[in-house]
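First comes the structure, then the notes that go with it.
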Amino acid sequence: MANPKTANKTTSAKQTTPPPTPPIPKAASLDIPAFKRNGKSATPPATASAAESVADGPATPIAAPAKPSTGVRMPRINDVRIAGRLTAEPVIRAVGKQNVANFNLAVEKPYLDQKNEWQKQVSFIPCAVWGLVADRSKDILHKGSPVYLEGRLRSNSWETKDGEKRSAMKLEAYKVQSLARNPNRSQGQEVGE
Numbered sequence: 005m006a007n008p009k010t011a012n013k014t015t016s017a018k019q020t021t022p023p024p025t026p027p028i029p030k031a032a033s034l035d036i037p038a039f040k041r042n043g044k045s046a047t048p049p050a051t052a053s054a055a056e057s058v059a060d061g062p063a064t065p066i067a068a069p070a071k072p073s074t075g076v077r078m079p080r081i082n083d084v085r086i087a088g089r090l091t092a093e094p095v096i097r098a099v100g101k102q103n104v105a106n107f108n109l110a111v112e113k114p115y116l117d118q119k120n121e122w123q124k125q126v127s128f129i130p131c132a133v134w135g136l137v138a139d140r141s142k143d144i145l146h147k148g149s150p151v152y153l154e155g156r157l158r159s160n161s162w163e164t165k166d167g168e169k170r171s172a173m174k175l176e177a178y179k180v181q182s183l184a185r186n187p188n189r190s191q192g193q194e195v196g197e
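In our numbering, each residue's number is its place in the sequence shown (first place is 1) plus 4.
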């Protein structure tokens, strides 16, 4: 006959059930949908097996990298925010079907020198504004105007008539905001994305 102590242990081990899963809190109180798929709200899968069988959408082919991976995932960040004053009237010209406004922005940075006196370091940044942003910002961009720009850096290389190689870096702005106070309009008139 089987030992009653061991029989109880084996039957109790077989009868244990996993604890119930806690309910998933609703995100409706935060005005944020809990899950979104293809622009429609969806409920989360009930079990792990259901989660494995749910497809999020059509599979897209992934292109193989051209070079072997070095193990470093380099982020593609090229984002610049800058505020300063225009050094001269912008030069606006037509390029193809759109206009471009080129200008320099003077950006000041105060610092303490060795004598503990405040000095100003001024940087002159070449900038360009393209398309509709250039057309709409004609009223904002004038000599001495204080502006805030958001954009990206772009390098340009060329060769002179003498065969010398030259290069330049320019800020291509996609957002222009006036920092001037004007009684006719509120401070911070904005043009761009």
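For every residue, glycine included, the Cβ atom is placed at its ideal position computed from N, Cα and C.
Fair warning: this is a prediction, and the values are worked out from it, not measured in the lab.
Cβ pair residue i, residue j closer than 8 Å
i	j	result
Ile144	Val111	no
Leu109	Leu90	yes
Gly155	Ala177	yes
Leu157	Lys179	no
Trp122	Pro130	no
Close Cβ partners of residue i (< 6 Å) along its chain, the five nearest in sequence each way excluded
i	result
Ala92	Lys147
Ser16	No answer about Ser16 holds up, because its pLDDT of 47 lies below 50 and its placement is not dependable.
Ile96	Asn103, Ala105
Phe107	Leu90, Pro94, Cys131
Glu163	Lys169
Gly88	Leu109, Ala110, Val111
Gly135	Gln102
Ser33	Residue placement at Ser33 cannot be trusted, given a pLDDT of 39 that sits under 50; what the coordinates show is reported in the next sentence. None.
Lys124	Glu112, Pro114
Arg80	none
DSSP bridge partner residues for residue i (one or two, in chain order)
i	result
Tyr178	Bridge partners of Tyr178: none, in fact.
Leu116	Trp122
Ile86	Leu153
Leu183	Partner(s): none; Leu183 has no beta bridge.
Ile129	Leu109
Lys169	Glu163
Beta-carbon separation (whole angstroms), residue i vs residue j, contact threshold 8 Å
i	j	result
Ala132	Ala105	7 Å
Ser149	Ser127	In fact, because the Cβ distance is near 17 Å, the residues do not count as touching under 8 Å.
Lys169	Asn160	At roughly 12 Å, the Cβ-Cβ gap does not stay under 8 Å, so Lys169 and Asn160 are not in contact.
Segment limits, alpha helix (DSSP H) that includes residue i
i	result
Arg80	That residue, Arg80, is in no alpha helix (DSSP H); it is neither H nor E in DSSP.
Leu136	135 to 140
Enclosing beta strand (DSSP E) for residue i [first to last residue]
i	result
Arg158	150 to 163
Arg97	95 to 99
Residues near residue i in its chain [Cβ-Cβ closer than 8 Å; skip 5 each side]
i	result
Val84	Leu153, Glu154, Gly155, Arg156, Leu157, Leu175
Asn82	Arg156, Leu157
Chain-order list of residues whose beta-carbon lies under 7 Å from that of residue i (same chain, five-residue window excluded)
i	result
Ala138	Ile96, Asn103, Val104, Ala105
Gly75	none
Lys165	none
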